[in-house]
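Take a look at the structure below.
Residue numbers (our numbering), protein chains in the order written: chain A, 3 to 113; chain B, 477 to 590.
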């Protein structure tokens with residue numbers, strides 16, 4: 003496989019569920035990101051990891067919990083989400099400023 | 477004032493038309509300027525990347541940056557139905573501490589009609 007792979011592509015969960023989104027990059031990049039994309043809003047940066055170390059947490063609610071076990075894998079753990087958290091969650095990796103390689107996203111619906 | 481402003485459209489043009497997509501920004505510290513293309517149900521993909529004022533051409537696509545006016549544009553010549561997508565501008569700056577600030581526009585939805 004090449005590029006950035008995200009699973010699952012679609013997820014429906016209740017507000018009391020716990021689920022995780024997974025991202026894997028095969029590009030050898032040092033940085034990985036989680037973005038949230040909602041209708042009619044710009045991409046919102048959630049978390050950044052450089053060399054497995056979290057370098058940015060953009061005031062994201064604690065019901066979102068990232069995990070980066072190595073430079074190729076990134077998880078987003080979800081628990082007690084709200085309906086307004088329904089969105090497309092995009093993972094990206096990069097090696098150079100501004101050059102992000104995105105996965106196809108995980109479409110999350112919170113009931 | 478938002479850091480990056482982009483008209484969300486939608487924009488609809490006939491096949492073969494020249495398309496102009498634009499963004500304005502307020503932060504004069506931005507150093508890198510990008511255009512991403514996002515097809516429906518896909519993640520964004522980097523289309524054009526530049527770090528200086530002026531024009532950069534790649535096939536039918538031309539990216540233009542005017543730092544004095546804080547204005548960037550993407551031109552698409554001989555537009556094709558396959559160009560139908562949402563186009564997002566993005567710009568970034570690196571801080572002295574080594575972290576990057578990357579800001580996206582809302583995206584402009586383009587439809588090219590055959």
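Note that beta-carbon positions come from the ideal geometry of N, C-alpha and C, so glycine has one too.
Query raised in the report: What residues from the stretch 571-586 of chain B come within 8 Å of chain A, judged by C-beta to C-beta, listed N to C?
Result: Within the stretch 571-586 of chain B, the residues whose Cβ lies closer than 8 Å to some Cβ of chain A are 575, 576, 578, 579, 580, 581, 582 and 583, listed in chain order.
Query raised in the report: Apart from the five residues on each side of it in sequence, which residues of its chain come closer than 7 Å, Cβ to Cβ, to residue 500(B)?
Result: Counted from its first residue, the second chain places residue 500(B) at position 24. Answer for residue 500(B): 481, 546 and 547, listed in chain order.
**Report entry** Anticipated Cβ contact below 8 Å, residue 42(A) with residue 518(B), distance rounded
**Finding:** If you number the first chain from 1, residue 42(A) lands on position 40. If you number the second chain from 1, residue 518(B) lands on position 42. In this structure residue 42(A) is not in contact with residue 518(B), their Cβ atoms being roughly 18 Å apart against a cut-off of 8 Å.
Query - For residue 568(B), the three-state DSSP class (helix, strand or coil) - result: For the purposes of this step, residue 568(B) is identified with residue 92 of the second chain, where counting begins at 1. In the structure shown, residue 568(B) sits in a strand (DSSP, three-state: E or B).
Query - 8 Å Cβ cut-off: residues of chain B touching residue 42(A) - result: Here residue 42(A) is taken as the residue at index 40 of the first chain, counted from 1. Per Cβ cutoff of 8 Å: 484 and 582.
Query raised in the report: Using the C-alpha atoms, what's the distance from residue 587(B) back to residue 37(A)?
Result: Locating residue 37(A) in the first chain gives position 35, counting from the first residue. Locating residue 587(B) in the second chain gives position 111, counting from the first residue. The alpha-carbon atoms of residue 37(A) and residue 587(B) are separated by roughly 25 Å.
Query raised in the report: Roughly how many angstroms separate the alpha carbons of residue 20(A) and residue 83(A), rounded to a whole number?
Result: What you label residue 20(A) is simply residue 18 of the first chain in a count that begins at 1. What you label residue 83(A) is simply residue 81 of the first chain in a count that begins at 1. Spanning the alpha carbons of residue 20(A) and residue 83(A) requires a straight line of approximately 9 Å.
Requested in this report: Verify the CB distance criterion: does residue 522(B) have a CB-CB separation below 8 Å to chain A?
Outcome: Here residue 522(B) refers to the residue found at position 46 of the second chain. Output row for residue 522(B): interface = yes.
Query raised in the report: Taking C-beta to C-beta, are residue 498(B) and residue 479(B) nearer than 8 Å?
Result: Indexing the second chain from 1 puts residue 498(B) at position 22. Indexing the second chain from 1 puts residue 479(B) at position 3. Against a cut-off of 8 Å, the Cβ pair of residue 479(B) and residue 498(B) comes out as no contact.
Query raised in the report: Is there at least one Cβ from chain A nearer than 8 Å to residue 518(B)'s Cβ?
Result: Position 42 of the second chain holds residue 518(B). True, the Cβ-Cβ gap to chain A drops below 8 Å.
Query raised in the report: Nearest chain A C-beta to residue 566(B) closer than 8 Å, yes or no?
Result: Here the question's residue 566(B) lines up with position 90 in the second chain. Chain A places a beta carbon closer than 8 Å to that of residue 566(B), counting this residue as a contact.
Query raised in the report: So residue 522(B) and residue 26(A) are in contact, right, with Cβ under 8 Å, and what is the actual spacing, rounded?
Result: Mapped onto the second chain, residue 522(B) falls at position 46. Mapped onto the first chain, residue 26(A) falls at position 24. Not really, about 19 Å apart at Cβ, beyond 8 Å.
Query - Cβ-heavy atom distance, residue 92(A) to the ligand COA, below 7 Å - result: With respect to the ligand COA, the structure offers nothing, as it holds no ligand at all.
**Report entry** C-alpha gap between residue 110(A) and residue 6(A), whole angstroms
**Finding:** The sequence position of residue 110(A) within the first chain is 108, counting from 1. The sequence position of residue 6(A) within the first chain is 4, counting from 1. About 18 Å.
Report task. Identify each residue in the stretch 546-560 of chain B for which the Cβ-Cβ distance to at least one residue of chain A is less than 8 Å, and report them in chain order. Result -> none
**Report entry** Where residue 490(B) sits in the DSSP three-state scheme
**Finding:** Position 14 of the second chain, counted from the start, is the residue given in the question as residue 490(B). Three-state result, residue 490(B): strand.
Requested in this report: Would you tell me roughly how many angstroms separate the C-alpha atoms of residue 2(A) and residue 94(A), rounded to the nearest one?
Outcome: Since the first residue shown for chain A is 3 and the last is 113, residue 2(A) is missing from the structure and cannot be characterised.
Query - Burial state of residue 540(B), where buried means 16 or more other Cβ atoms lie within 10 Å - result: Translated into positions along the second chain, residue 540(B) becomes position 64. That one is buried.
Requested in this report: Check whether the Cβ of residue 111(A) lies closer than 8 Å to any Cβ atom in chain B.
Outcome: Position 109 of the first chain, counted from the start, is the residue given in the question as residue 111(A). Output row for residue 111(A): interface = no.
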